[in-house]
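S.K.: Protein chains in written order, with the working numbering: chain A, 1 to 461; chain B, 1001 to 1461; chain C, 2001 to 2206; chain D, 3001 to 3206.
#1: In whole angstroms, what is the alpha-carbon distance linking residue 1320 (chain B) and residue 1220 (chain B)?
#2: Whole angstroms are fine: how far does the CA of residue 428 (chain A) sit from the CA of residue 434 (chain A)?
#3: May I ask you to list, following chain order, the residues of the region 1385-1416 of chain B that have a beta carbon less than 9 Å from some beta carbon of chain A?
#4: When you compare the CB of residue 1072 (chain B) with every CB in chain C, is at least one pair closer than 8 Å?
#5: To the nearest angstrom, report how far apart residue 242 (chain A) and residue 228 (chain A) are at their CA atoms.
#6: Please classify residue 1208 (chain B): does DSSP put it in a helix, a strand, or coil?
#7: Report all residues from its chain with a CB closer than 8 Å to the CB of residue 74 (chain A); omit the five preceding and five following residues, and keep chain order.
#8: For the putative contact between residue 1333 (chain B) and residue 1101 (chain B), defined by C-beta atoms under 8 Å, what is the C-beta separation to the nearest angstrom?
#9: Consider the Cβ of residue 1243 (chain B): report whether some Cβ of chain A lies at a distance smaller than 8 Å.
#10: Going by DSSP in three states, residue 256 (chain A) sits in which element: helix, strand or coil?
#11: Using 10 angstroms around the beta-carbon of residue 3124 (chain D), count the other beta-carbons present and answer buried if the total reaches 16, otherwise exposed.
#12: Which word fits residue 277 (chain A), buried or exposed, when buried means at least 16 other C-beta atoms lie within 10 angstroms of its C-beta?
#13: Starting from residue 240 (chain A), follow the beta strand (DSSP E) in both directions and report where the run begins and ends.
#14: Taking only beta-carbon atoms, is residue 3208 (chain D) less than 8 Å away from chain A?
#15: Determine whether the Cβ of residue 1431 (chain B) lies closer than 8 Å to any Cβ atom of chain A.
#16: Measuring straight from C-alpha to C-alpha, what distance separates residue 305 (chain A) and residue 291 (chain A)?
#17: Can you list, in chain order, the residues of its chain with a C-beta nearer than 8 Å to that of residue 141 (chain A)? Leave out the 5 residues immediately preceding and following it.
#18: Below 8 Å between beta carbons: does that hold for residue 1323 (chain B) and residue 1211 (chain B)?
#19: Taking the alpha-carbon positions, what's the residue 1375 (chain B) to residue 1357 (chain B) distance?
#20: Is residue 1097 (chain B) near the ligand SAH, in the sense that its beta carbon is under 7 Å from a heavy atom of that ligand?
#21: Just verifying my parser: in three-state terms, what is the DSSP assignment at residue 2126 (chain C)?
#22: Strictly by DSSP, which residues pair up with residue 33 (chain A)?
#23: Helix, strand or coil for residue 1 (chain A) per DSSP?
#24: Residue 1026 (chain B): buried (16+ other C-beta within 10 angstroms of its C-beta) or exposed?
#25: Between the C-alpha atoms of residue 1398 (chain B) and residue 1302 (chain B), what's the straight-line distance to the nearest angstrom?
#26: Go ahead and label residue 1289 (chain B) buried or exposed: buried means 16 or more other beta carbons lie within 10 angstroms of its beta carbon, across all protein chains shown.
#27: Along the chain, which unbroken stretches of the beta strand (DSSP E) at least 3 residues long are found entirely within the region 1319-1358 of chain B?
#28: Can you list the residues of chain A that residue 3168 (chain D) reaches, using a CB-CB cut of under 7 Å?
#29: What separation, rounded to the nearest whole angstrom, lies between the Cα atoms of residue 328 (chain A) and residue 298 (chain A)?
#30: Using 8 Å as the limit for Cβ to Cβ distance, is residue 3137 (chain D) near chain A?
#31: Is the number of C-beta pairs between the region 1378-1386 of chain B and the region 1343-1354 of chain B that are closer than 8 Å three or more?
#32: Chain C beta carbons: is any one of them nearer than 8 Å to that of residue 1034 (chain B)?
#33: Rounded to a whole number of angstroms, what is the C-alpha to C-alpha distance between residue 443 (chain A) and residue 275 (chain A)?
#34: Quick one: residues in its chain with C-beta nearer than 6 Å to the C-beta of residue 309 (chain A), no 5 flanking neighbours on either side, listed in chain order?
#35: Just the C-alpha distance for residue 1437 (chain B) and residue 1426 (chain B), rounded to the nearest angstrom, thanks.
#36: Cβ of residue 67 (chain A) less than 8 Å from any chain D Cβ?
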C-alpha cells in the first residue's frame, strides 16, 4: 500500500480526506495556495507545500506544480477530492505515469464518462434507461431542430463537455431552438473549449436522485443506497438526503443495480455517483456519472456506517472490496445542508471575508464538515461553501427536527459575511419538503415567491 | 406531554439535554450559578435563572432555589442530568409534589436503589448473581470480622449511602479489618451523614461492565447492550466503550436480561444503568444501579442509533416505550474518552482556569460533548471534565484508530491549563487495552510504572 | 503566556477573571507629577524590559493603574482557535460598554456578567442584592406598611424586605447604616440570585 | 485612533474600529496644561520608545489616563501567531486596550497575509521570488558557470536562474536593474511558490 497521500484540494474536503488518511496511518501532504496558508489542513498535514497564488488556475489546477510537490515530498498517492483536478483525465494519467497512485477511476474511464455524449451511449449500451435524445453529438442546428421534433419539446441542449449545471439550455419553443442551440454552442466553446452539443427530452418537474457506488479493481462492486438531491438552486445542490423519501424499495433496488451494472460495464474503479432523474410515474432516467467523491457523501456514510474515503483509498491501493451488497444495511435517515457564505437577500451573491465569530452545531448525531474557524476567512477566490451540516435520525421526521435544531445553533459573523442558513431553514419548513414530495422546481418556487414578496413590500413601502 | 423542561444541571450534560429538548419542541429553562453565567446552555435556553453562587451546595444542590426557578418559569418538568440532585429522592419527591414531572425513576425507587445494602438485597431477591457478602448493613466491627472470615479475604467495606467510588475500603489483612471498618464508618458519617456499612468479597482483577436499561411506566423495558468501563483511575471512569470487548454473546444476553429483570422487579422507570463486575471466569456479579443518565451514555447512542435523553423524556411524559428488544440492533463499536482539565504530571490535580485556545476534533463518526469554548473557563468550583470525545467505528480496531486521530486533533491551552489527553492516548496504546483484555487494574498499573519511570529519571539526573 | 520581567514593577499575576476586582486607586494619581513624567518612567521601564529579553516578543503591553505588564511571544505553529479566542474581541463600536459586550464571544462575557454578580458599591451607595431566587416583598404582610421606603434611615442588620422562596420567608437586611436612596424591585415580583434590590447611601459622618 | 501619534512615526495604522478612542482630553485633564502639551509629551515619548526598538512594530498604542502603552510586532509569516499572542491579552476587563489588541491582531491578519503574498521590497533591495514550486538552478547546465553571482550587475529582464518543474525549465528573471546582493537558495534545492531566491539592490542613480 502507498504510504504518503498528497491531497490535491482545499477546504473541508481536504481536511476530511486528511482525517481518514491519519486513521489509516498514512502520511499526509497538503498543497495550498497563498490564500489558504492558514487552512487547518496545512497545520494538520505532515508536510505542506505552497503551490501558487490564490487563483485556482495557478494553484489547485496547476498540474505541474502539484506533481512537483508530490515529487519533492515523496508522495506515492494523490487524492483529488471533488472539483479542481478530480475529473481531469490528463491529471490521472500524469500521476500514474509518474508511478503515483491516483485515487479515482482510471484515466480512460474518467475520459469516457466525462464526455456526456459518450457516457450516454455507453450507459444506453449497458441497458440503463435513457430519456429520448441524440445518439452522440449533434452537428448542425438544423439536425438539432429535426431531432428535437422527434424527441418532443421541451428539450434540453447540453454541452458534451459540460457538467455541474453549466453549459445547458432548456428549449420549450421550437422556434427558439436554432438560436439557443447556437448560443449554447458558443458558450460551450468558451467554457470548455469544446463546442459539441447533444439533445435530450427535458423533464420540467423531476426528482434528482443519485446512486453511490463503490468498485474495486477486480470487477466487484456495491451500491450504497440513493441520495435525493432535488433541493437545488440554479442546478446547485443545497440540501441532500438519504434515503430518497417515498421511493419504493424495488425502485431503489432497480436503480442501484442499474448504476452498478453501468459502472462495471465502464470498468469503473473507486467511489462514484450515478445521477438519475426520477419522473412522476416512478420512471428513472440516466443523467450522468461523477467520477469522484461527492460533496454530499456524508449522508451515505451516516446511514451505512461506512467511511467512503477509507474505501476509496483501500481500493486504490489494490485491496479487494471488503463490503458485500447483502452485508450493507442502511439505518435511519440522514440530511445534509450546505451552508454557504452568500446573501439570499442580494440574489445569493457570495459574501467572502473575515469570520470573526463562528459557533458550530454539535451534539448527538450531528456532524459538521468544515475548515472554517473564528478568525479565519472565506476566500473570494473559491466556492463559498462555509460548512456542511449533516445530521442523522432514526427516521426522516426526526432527522428534520435535528437539522432544524442544528442549523439553529449555527452562527457565523464577520464584516460583510452573510450565510444562507435562514434560507435553508425556510426550505426545510416548506410543506412539500416536509412531505418529501418536492422536486427540482421547489427552490426556484421559493425564491420566486420571496422575490414577489419583496417587490410587493417595495410597492407598499 | 409537558411543555417546559428545567435542566437542573450544568456543563456538557445540560447542553446535551437542551439539544434534545429543542428537537422535541420543548421550551428549555437553564439554571446557573454565577460561575456559569456564560455557559452556552444559558445562551441557548429559552429562559435562564441564576440560582446562586459558585459552590454547588448553594446553587446546583439548592433544591428550593431550583424549584422556585421552575415555579417562576412555569417549568412542568425537570431533567436532573447526572450528579448533583439526579439521585436525591427528596428532590424527585418535591418535584412530583409540585406537579412537576421529574425525569427519572420514582422517588421510592431512587431511595431503595440508592441504599446499597437495600439494593443488594432487592437484586438478590430478583435473582441477580451476587458476590458473597452481608445481607444488609453490618452493625459492629466484630460482626464484620466474623462475616469477613466467612466471605473470605480480600473483602471490601462499603458505605450503604456511598457511591461514585467514595466511602469504600478494600481489606486484605484480617488483622486490619476492625480498624479499617471504623475508619470507613467515620468517613461515611462525615461524607454522607450515614455511617451504615456493608461487606462484600473483593475481586482484585475484574472488569467493570454495565448494562444500559430503559423502562416505561407500563412495565415494559429493554436493555441496550453492555459498556465496559474498566479503564478507571481511582475508581473514576476515564475510557468507556461498547460493546464490552471479548464477552461472548450469551453472556451479554444473560447480563442484559438479568439487569432488565432487576429493573422491572424494582419498578424502575426511565433510563438506568446496572453495574456489574465480570471475573476472569466469565462470571458476573451485581454491584450497583445508577438511577440517571450516565456520563458515558453516548457510546450506547452511537452503536444503537438511539437518543437516550429523548427516550427519557418520552417515558417520563407517560409514553409507551417505542423500542422493542428484538428491534434493537447494535452496529459497530464506540469509545468515549473523558478529557479532564487535570495534570497527570502533578498527580492529576485539577487545572482549572481560562481557556485561551480550544481546538475540538471533528469529522466522520466523531462526536464531542462539551460546553467549553475558546475564551471560556474551566471553573474550579466543579468537576474538571473538559470534553467527552466519542467515536464510532465498524469494529473496535477502527474505532481505536479513530479515537487516536480524534484525540490527536484535540488541543486546549490556557494559563495553567493542563489536560489528560496524552495520558488517555497512553492508555489506548497499552497492549492490554488494545487486546481488550484489560481490567480495572490497568490504569493503576500504568500510573505506577510512570511514577517509577519518573523516580528513575530523577535518580539518573 | 505572560512572561514577566522587570521585578521592580511588582506585577500581579494575570487575573483569571478580573471582573470582580474592584478598581483600586490609580497608582499614578499624584497631582504633582505630569503625564509626561509618568510616560517617561513607563518608557524607561519598557526599554529596560525589552533590552533584557533575548527573544523578541510579538507584543508588549504596559499598564500602570494597578500595574500590569505583559509580553507575548509568538509560537511557531499557529493553532486556529487562537483566532477564535480573539474573534470575540473584534466587534466593538465606540463605547467601552460595547467593548465589554464585544468581549462576550470570548472570555469577556465572564467579565460583563460577573460585574453584575458582585456589584461594586454603587456610586451613590451600597446595593443590597438578592441572596436567593424568589419573590420580593417590601412589607411583612400583604397590605401592611413596607419595611422601608426611599429616604428612610436604616441601621446595619435592620430588615428592609423579604424574599419568599418555596414558602420560606427569608429576611433581607441592610448591610450598612445609611439612608435608603432607591428600591429597585417592585413588591411581589420575582428576583434572581444577585439581583439588585435596594441602594443604601452611607450615613453621613461615615 | 493612531491619530494621537505624529505621522512622522510612520507606524502602520492599527486597523479599523475606534472602540478605544478614549476621550484623551478627559484622560489627561489637568487644569494648567493644554491637550496639545500632553500630545507633544506623548509623541516625544513614543518617538523615543520607537527609536529604542530595532525592529519596527506593526502597532503602537499609547494611552495616558492610567498610562497604557502597547507595542505589537508582526512576523512576515502566517498571521495566526500574533492572534495567538494577543488572544491571550485579555486583562483588566475595563481596559479598552484589550479591544485594541484585538483589532491590531485581527486586522493584522489580512494585512500580513497580503504582505506575505506580495513580498515588499526588502530594506536593502528587491527580492526575486519563486514563481512556482520546483527545483532551483543557478546555472544553465550542471557544471557550467552560474547565471549570476553576488556583486554582479543585472538588467531588468536578464535571466538570473532557472526553476525546473516537472522537466520544464522556467527562467527566473531580474525584475529591476541593479546589483545582486544575495542569493538565498543553494543550487539544486527545491523551492515553493513565493520563496525568496535572490535580492537585487537598485542600481545606484535609480
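Think of the CB as a built atom: it goes at the ideal place given N, C-alpha and C, for glycine as much as any other residue.
M.R.: So, from the listed chains and residues:
#1: Taking C-alpha positions only, residue 1320 (chain B) is separated from residue 1220 (chain B) by approximately 8 Å.
#2: Straight-line Cα distance between these residues: approximately 7 Å.
#3: So the list reads 1392, 1393, 1394, 1398, 1401, 1402, 1404, 1405, 1406, 1408, 1409, given in the order they occur along the chain.
#4: Interface residue, yes.
#5: The alpha-carbon separation between residue 242 (chain A) and residue 228 (chain A) amounts to approximately 6 Å.
#6: DSSP, reduced to helix, strand and coil, places residue 1208 (chain B) within a strand of the structure shown.
#7: The answer, listed in chain order, is 4.
#8: Not confirmed; about 35 Å, so no contact.
#9: Contact with chain A is absent for residue 1243 (chain B), since none of that chain's Cβ atoms lies less than 8 Å from the residue's Cβ.
#10: The three-state reading of DSSP puts residue 256 (chain A) in helix, counting H, G and I together.
#11: With a 10 Å radius around the Cβ and a threshold of 16 neighbouring Cβ atoms, residue 3124 (chain D) comes out exposed.
#12: Buried.
#13: In the DSSP assignment, residue 240 (chain A) falls within the beta strand (DSSP E) that extends over 236-242.
#14: With chain D covering only 3001 through 3206, there is no way to say anything about residue 3208 (chain D).
#15: Judged by the 8 Å Cβ criterion, residue 1431 (chain B) is not in contact with chain A.
#16: Each residue's Cα considered, the two are about 22 Å apart.
#17: So the qualifying residues of the chain are 177, 178, 181, 182.
#18: If you check the CB distance, residue 1323 (chain B) and residue 1211 (chain B) do not come in under 8 Å.
#19: Separation of residue 1375 (chain B) and residue 1357 (chain B) (C-alpha to C-alpha, rounded to the nearest whole angstrom) is 7 Å.
#20: With respect to small molecules bound, the structure shown includes none, and the ligand SAH cannot be examined in it.
#21: When DSSP states are grouped into helix, strand and coil, residue 2126 (chain C) belongs to the strand group.
#22: DSSP lists A:52 as the beta-bridge partner residues of residue 33 (chain A).
#23: In this structure, residue 1 (chain A) counts as coil in the three-state DSSP scheme.
#24: Around the beta-carbon of residue 1026 (chain B), 16 or more other beta-carbon atoms lie within 10 Å, marking it buried.
#25: For residue 1398 (chain B) and residue 1302 (chain B), the distance between alpha carbons rounds to 14 Å.
#26: Counting other Cβ atoms within 10 Å of its Cβ, residue 1289 (chain B) reaches 16 or more and is therefore classed as buried.
#27: Correct list: 1333-1340.
#28: Residues of chain A with a Cβ closer than 7 Å to the Cβ of residue 3168 (chain D) are, in chain order, 64.
#29: Distance between residue 328 (chain A) and residue 298 (chain A), taken at the CA atoms: about 16 Å.
#30: Using a CB distance cut-off of 8 Å, residue 3137 (chain D) does not count as an interface residue toward chain A.
#31: By the Cβ rule, the region 1378-1386 of chain B counts as touching the region 1343-1354 of chain B, because three or more pairs are nearer than 8 Å.
#32: At least one CB atom of chain C sits nearer than 8 Å to the CB of residue 1034 (chain B).
#33: Looking at the two C-alpha atoms, the distance is approximately 19 Å.
#34: Contacts found: 17, 20.
#35: A direct Cα-Cα distance of roughly 16 Å separates residue 1437 (chain B) from residue 1426 (chain B).
#36: Cβ-Cβ to chain D under 8 Å: yes for residue 67 (chain A).
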